[in-house]
Every structure is written in C-alpha cells, then in structure tokens.
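Residue numbers (this note's numbering), protein chains in the order written: chain A, 1 to 90; chain B, 1 to 270.
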Amino acid sequence: MTSTSQKHRDFVAEPMGEKPVMALAGIGEVLGKRLAEKGFDKAYVVLGQFLVLKKDEELFRDWLKDVCGANAKQQGDCYGCLKDWCDAFL
Amino acid sequence: MPFVEDPAHLSKSRLKADLVAHNVALPPAESKKEIYVELHLKNIDQKNAADFSSDEEDPVQDVAEQEEDPEDTEMPDPSDLTDDDLKAMLLKYGVKAGPIVGSTRALYERKLKKLLQSDGHDRLNGAEKAVLYSDSEEEAEEEESEKLEPVDQSDQALQESSQEPVTDSFSDLLPDMKTTPTGIYATCRRPIRGAAQRPIQYAYPDTPISPMTLERREVERRLVPIQIQIFVFLIVACIVYFLFVNVEDGSFVSDLLDSLSQGYSANGAF
C-alpha cells in the first residue's frame with residue numbers, strides 16, 4: 001500500500017460526523033464543489049454511496065469519475081480513505 | 001443467399017471491422033448496432049452489388065458467423081431490463097450486485113454492457129479460429145482423398161486435434177481472477193517490512209535462554225564475590241598460621257583457648 005496523506009490520516013482518525021465532502025482525501029475544492037452541486041455536500045453522503053455500492057472499488061471509482069470528473073489518483077485516494085474509515089468505525 | 005452478406009446477421013464487431021476495411025468513418029463508440037448496420041448497408045453493400053465475392057471461404061465464414069449471430073442479437077439491451085433482470089444478468093457473470101437504485105443503476109448497466117461485449121469478443125475470436133481450422137480441415141480432406149495415404153491421415157488428425165482446443169493458458173494459470181476490460185491484471189504488492197512506519201515485528205522478541213545458561217549466569221554473578229571470600233579466608237588463615245608459628249611457646253595460644261572456653265562455659269551457664 002502506498003503511504004497515506006495527512007488528509008487521509010486526519011479523516012480516518014475520528015468519526016466523520018458533519019465533516020464537509022472536501023475533508024475526504026482526494027477531494028479538493030473543485031471536486032468538492034462539483035459534488036456539492038450534485039447533492040453530495042457532506043462526507044457522509046459520499047459514504048452512503050460508497051456503502052450502497054457495497055464498497056466495490058471499481059464501481060465506486062466509476063461513479064466518482066462520472067459525478068465529479070475525478071482522475072485516477074483522486075479516485076484511488078477517496079476510495080482508500082473511505083475504506084480505511086469503514087474498517088476503523090463501521 | 002450464402003453469397004450475399006446480410007449486415008443484420010453480422011455481429012457489431014464484424015460490422016466495425018468491415019467499415020474500417022472499406023475506409024468508412026466509424027460512428028462514435030458505444031453506438032447501437034443499427035447505426036453500424038445502416039452505414040454498412042449504405043457503403044459496403046453498394047460495392048458488393050457490383051462485384052460478386054465468390055470466394056469459397058465466404059459460405060464457411062457466413063455459416064460460422066450466423067451460428068453465433070442469433071445469440072448475439074438476442075442479447076437484451078441492459079437499459080431495457082428491469083432492476084431484477086439486470087441483477088440476474090449480472091449474477092450470471094458472477095457479479096454480486098448491490099441494490100440497484102437511482103444512483104447505482106447506470107453503473108450496473110455499464111458493467112453489464114462491458115461483460116456482454118467482452119463475451120461477444122471471446123465468441124467472435126472462437127468463431128474466427130474455428131473458421132481457420134475448418135479451412136485447414138477442408139484442405140486436409142481434399143488431400144486425403146487425393147493421396148489416400150494412412151500416414152498422412154494420422155498426421156493430419158493429430159494436427160487437427162492439437163489446433164482445435166482453444167484454451168487460454170493465461171486465464172488457466174489464474175482461474176480466480178476477474179476479467180478486466182483492458183486485460184490488465186493487477187495484484188496488490190505485499191507491504192515492505194521495515195519501511196514507512198511499519199516496524200518489523202519479530203516472532204520471538206527475546207532470544208530463548210536455556211535453563212543451563214540461566215544457572216551459569218547466576219553462578220557467575222556470585223562467582224566474583226565467592227572468589228573474594230575465598231581469598232580473604234586464605235589471607236586470614238595465613239595470618240593465623242604465622243601468628244601460631246611466631247609465638248614460640250604455645251602458652252599464648254593455650255591462654256587464648258582457656259579464656260575462650262571460660263567464656264563459653266560462662267555463657268553456657270546461662
């Protein structure tokens with residue numbers, strides 16, 4: 001596994017609560033704005049989608065690409081972040 | 001009928017290949033088959049009307065194509081399926097789909113399309129190879145009838161049997177791997193021990209100590225003081241001996257002994 005970013009570690013360190021979607025690793029200002037426009041304004045909404053897709057990597061990455069145009073690295077970071085959070089708290 | 005190619009009976013990939021061969025611009029990717037059929041009809045069938053393609057291979061190819069085409073055209077369009085049907089189709093390919101709701105429907109449809117396409121490609125490859133083998137079989141049979149040599153027959157039979165089984169050795173090596181659309185298989189690398197905050201955990205943190213070594217260590221701990229004790233004892237013994245020797249008359253020693261015995265007897269009275 002590649003090393004994780006500070007953002008990833010911060011997110012996985014505690015329950016996400018009401019954190020905005022931009023708190024997710026791989027999701028910056030631009031992507032965060034696009035997600036919020038589609039209704040995914042909080043991190044837990046993206047988590048909801050992640051769980052509905054049964055935590056499947058391929059499907060989640062495809063979905064993320066469709067909904068906000070994330071590139072491969074951003075998709076991977078976001079997926080890894082949510083996966084680790086689920087492993088820790090779900 | 002065998003000499004005229006009916007585009008509707010051809011598979012989408014065959015139509016694509018034909019269009020490319022005739023230098024016709026392809027429609028955008030993921031277009032419906034009807035678009036390919038239209039283009040094919042417009043461009044290619046006009047040409048074929050002029051010249052008669054009377055190759056011997058055509059009937060064989062058409063037969064092979066038509067054998068697999070009905071199956072291809074019968075494949076339903078994923079967007080027309082109900083949620084349950086879509087889930088069932090995915091399950092046929094071994095994909096355990098989650099809930100098919102508004103946000104997930106498009107993804108699962110796309111996944112099914114990919115699976116159908118890759119399946120169609122596999123079948124097409126199989127049909128093409130069958131065509132090659134059937135050609136060689138035909139030629140072989142002609143040769144057999146002409147030469148009538150039993151040796152040749154056995155050789156050709158061996159050749160046919162070795163060519164016919166179309167097995168993918170790579171997928172045999174990895175039977176558990178899911179097929180990916182790009183054909184690239186990737187597996188996770190094992191984490192490197194000792195790198196990036198992953199301290200090496202030894203199975204046996206302490207080196208095992210046998211009871212013998214433990215005893216020896218304890219003895220060694222006391223060994224030094226024991227040596228000192230022995231040394232001191234020897235010194236004292238020497239001193240006493242010298243005193244004993246120096247005092248020429250034994251009266252000193254006997255006086256000492258008497259006083260000692262008196263002391264003991266005095267103590268003993270109590």
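For every residue, glycine included, the Cβ atom is placed at its ideal position computed from N, Cα and C. Model, not experiment: these values are computed from the prediction.
>> I believe Gly26 (chain A) touches Ala88 (chain A) by the beta-carbon criterion, under 8 Å. Please report the beta-carbon distance rounded to the nearest angstrom.
In response: Indexing the first sequence from 1 puts residue 26 (chain A) at position 26. Indexing the first sequence from 1 puts residue 88 (chain A) at position 88. With 8 Å as the limit, Gly26 (chain A) and Ala88 (chain A) do not qualify as a contact, their Cβ atoms being about 18 Å apart.
> Going along chain B, which residues have a C-beta under 9 Å from Leu54 (chain A)?
Replying inline: What you label residue 54 (chain A) is simply residue 54 of the first sequence in a count that begins at 1. In the sequence under discussion, the amino acid at residue 54 (chain A) is Lys, which differs from the Leu named in the question. Going along chain B in sequence order, the residues near Lys54 (chain A) (Cβ under 9 Å) are Lys96, Ala97, Gly98, Pro99.
> Is Lys113 (chain B) helix, strand or coil when you go by DSSP?
Replying inline: Taking the second sequence and counting its residues from 1, one reaches residue 113 (chain B) at position 113. It is helical.
> Cβ of Leu107 (chain B) less than 7 Å from any chain A Cβ?
Replying inline: Your numbering for residue 107 (chain B) matches position 107 in the second sequence. It does: the Cβ of Leu107 (chain B) has a partner Cβ on chain A nearer than 7 Å.
>> Can you list, in chain order, the residues of its chain with a C-beta nearer than 6 Å to that of Gln74 (chain A)? Leave out the 5 residues immediately preceding and following it.
In response: Your numbering for residue 74 (chain A) matches position 74 in the first sequence. Answer for Gln74 (chain A): Gly26, listed in chain order.
>> So Ser103 (chain B) contacts chain A; which residues on that side make the cut at Cβ distance below 8 Å?
In response: To locate residue 103 (chain B), count along the second sequence from 1; it is residue 103. Ordered by position in chain A, the residues that pass the 8 Å Cβ test against Ser103 (chain B) are Gln49, Val52, Trp63.
>> Between which two residues does the alpha helix (DSSP H) holding Tyr79 (chain A) run?
In response: Here the question's residue 79 (chain A) lines up with position 79 in the first sequence. Residues 72–89.
>> Beta carbons nearer than 7 Å to chain B: which residues of the segment 57–88 of chain A have them?
In response: Leu59, Asp62, Trp63
> Under a three-way DSSP split, which group does Lys42 (chain A) fall into?
Replying inline: For the purposes of this step, residue 42 (chain A) is taken as residue 42 along the first sequence, with counting starting at 1. Strand, per DSSP.
> Does the pairing of the segment 94–109 of chain B with the segment 117–126 of chain B give three or more beta-carbon distances under 8 Å?
Replying inline: no
> So Arg34 (chain A) is in the alpha helix (DSSP H); what residue range does that whole segment cover?
Replying inline: By 1-based counting over the first sequence, the position of residue 34 (chain A) is 34. 29–37 is the span of the alpha helix (DSSP H), which, as asked, contains Arg34 (chain A).
> From Gln49 (chain A) to Pro99 (chain B), what distance separates their C-alpha atoms?
Replying inline: For this step, residue 49 (chain A) is matched to residue 49 along the first sequence. For this step, residue 99 (chain B) is matched to residue 99 along the second sequence. For Gln49 (chain A) and Pro99 (chain B), the distance between alpha carbons rounds to 11 Å.
> Is it true that the CB of Leu59 (chain A) sits closer than 7 Å to the CB of Leu107 (chain B)?
Replying inline: The residue you call residue 107 (chain B) lines up with position 107 of the second sequence. The residue you call residue 59 (chain A) lines up with position 59 of the first sequence. The answer is yes: Cβ separation under 7 Å.
> Tell me which same chain residues have a C-beta within less than 7 Å of the C-beta of Met89 (chain B), skipping the five on either side of it?
Replying inline: The residue given as residue 89 (chain B) occupies position 89 in the second sequence. Excluding positions up to five away in sequence, the list reads Leu81, Leu112.
>> Can you look up Lys20 (chain A) in the DSSP assignment and give me helix, strand or coil?
In response: Your numbering for residue 20 (chain A) matches position 20 in the first sequence. Rather than Lys, the amino acid found at residue 20 (chain A) in this sequence is Pro. The answer is strand: DSSP assigns Pro20 (chain A) an E or B state.
> Does the Cβ of Ser242 (chain B) have 16 or more other Cβ atoms within 10 Å, making it buried, or fewer, making it exposed?
Replying inline: Locating residue 242 (chain B) in the second sequence gives position 242, counting from the first residue. Checking the displayed sequence, the identity of residue 242 (chain B) turns out to be Phe instead of Ser. Exposed.
>> Quick check on the DSSP output: the alpha helix (DSSP H) that includes Glu34 (chain B) runs from which residue to which?
In response: Taking the second sequence and counting its residues from 1, the one referred to as residue 34 (chain B) is at position 34. It spans 33–40 - the alpha helix (DSSP H) in which Glu34 (chain B) sits, taken as one unbroken run.
>> On the criterion of 16 or more Cβ atoms from any shown chain inside 10 Å, does Phe231 (chain B) qualify as buried, or is it exposed?
In response: By one-based count along the second sequence, residue 231 (chain B) stands at place 231. Its Cβ having fewer than 16 others within 10 Å, Phe231 (chain B) is exposed.
> With 16 other CB atoms within 10 Å as the buried threshold, where does Ser261 (chain B) fall?
Replying inline: Position 261 of the second sequence, counted from the start, is the residue given in the question as residue 261 (chain B). With fewer than 16 other Cβ atoms within 10 Å, it is exposed.
> Using the rule of at least 16 other Cβ atoms within 10 Å of the residue's Cβ for burial, across every protein chain shown, is Pro78 (chain B) buried or exposed?
Replying inline: Within the second sequence, residue 78 (chain B) is the residue found at index 78, counting from 1. Buried, by the Cβ-count rule.
>> Assuming contact is defined by CB atoms lying nearer than 7 Å, are Cys78 (chain A) and Leu24 (chain A) in contact in what I supplied?
In response: The residue you call residue 78 (chain A) lines up with position 78 of the first sequence. The residue you call residue 24 (chain A) lines up with position 24 of the first sequence. Taking 7 Å as the Cβ cut-off, Cys78 (chain A) and Leu24 (chain A) qualify as a contacting pair.
> Got a sec, what are the start and stop residues for the alpha helix (DSSP H) Glu94 (chain A) sits in?
Replying inline: Outside the shown range of chain A (1 to 90) lies residue 94 (chain A), about which nothing can therefore be said.
>> Suppose contacts are defined by Cβ-Cβ distances below 7 Å. Is Lys42 (chain B) in contact with Lys12 (chain B) by that definition?
In response: For this step, residue 42 (chain B) is matched to residue 42 along the second sequence. For this step, residue 12 (chain B) is matched to residue 12 along the second sequence. Cβ atoms of Lys42 (chain B) and Lys12 (chain B): not closer than 7 Å.
> For Arg14 (chain B), is the classification buried or exposed, using 16 other Cβ atoms within 10 angstroms of its Cβ as the cut-off for buried?
Replying inline: Counting from 1 along the second sequence, the entry for residue 14 (chain B) is found at position 14. Arg14 (chain B) comes out buried.
> Going straight from the alpha carbon of Met212 (chain B) to that of Val247 (chain B), what length do you get?
Replying inline: Here residue 212 (chain B) corresponds to residue number 212 of the second sequence, with the count starting at 1. Here residue 247 (chain B) corresponds to residue number 247 of the second sequence, with the count starting at 1. Between Met212 (chain B) and Val247 (chain B), the C-alpha separation is close to 50 Å.
> What is the C-beta distance between Leu47 (chain A) and Met22 (chain A), in whole angstroms, given that I count them as a contact (C-beta under 8 Å)?
Replying inline: Sequence index remark: in the first sequence, residue 47 (chain A) carries index 47 (1-based). Sequence index remark: in the first sequence, residue 22 (chain A) carries index 22 (1-based). With 8 Å as the limit, Leu47 (chain A) and Met22 (chain A) do not qualify as a contact, their Cβ atoms being about 14 Å apart.
> Val12 (chain A) and Asp84 (chain A): beta carbons closer than 7 Å?
Replying inline: For the purposes of this step, residue 12 (chain A) is taken as residue 12 along the first sequence, with counting starting at 1. For the purposes of this step, residue 84 (chain A) is taken as residue 84 along the first sequence, with counting starting at 1. Yes, they are a contact pair.
>> Rounded to whole angstroms, what is the Cα-Cα separation between Asn23 (chain B) and Ser118 (chain B)?
In response: Position 23 of the second sequence, counting from 1, holds the residue named residue 23 (chain B). Position 118 of the second sequence, counting from 1, holds the residue named residue 118 (chain B). Roughly 25 Å between the two C-alpha positions.
> Under a three-way DSSP split, which group does Ala106 (chain B) fall into?
Replying inline: Within the second sequence, the letter at position 106 stands for residue 106 (chain B). Here Ala106 (chain B) sits in helix by DSSP.
>> Please report the distance separating the alpha-carbon of Lys42 (chain A) from that of Pro20 (chain A).
In response: For this step, residue 42 (chain A) is matched to residue 42 along the first sequence. For this step, residue 20 (chain A) is matched to residue 20 along the first sequence. C-alpha separation (whole angstroms): 4 Å.
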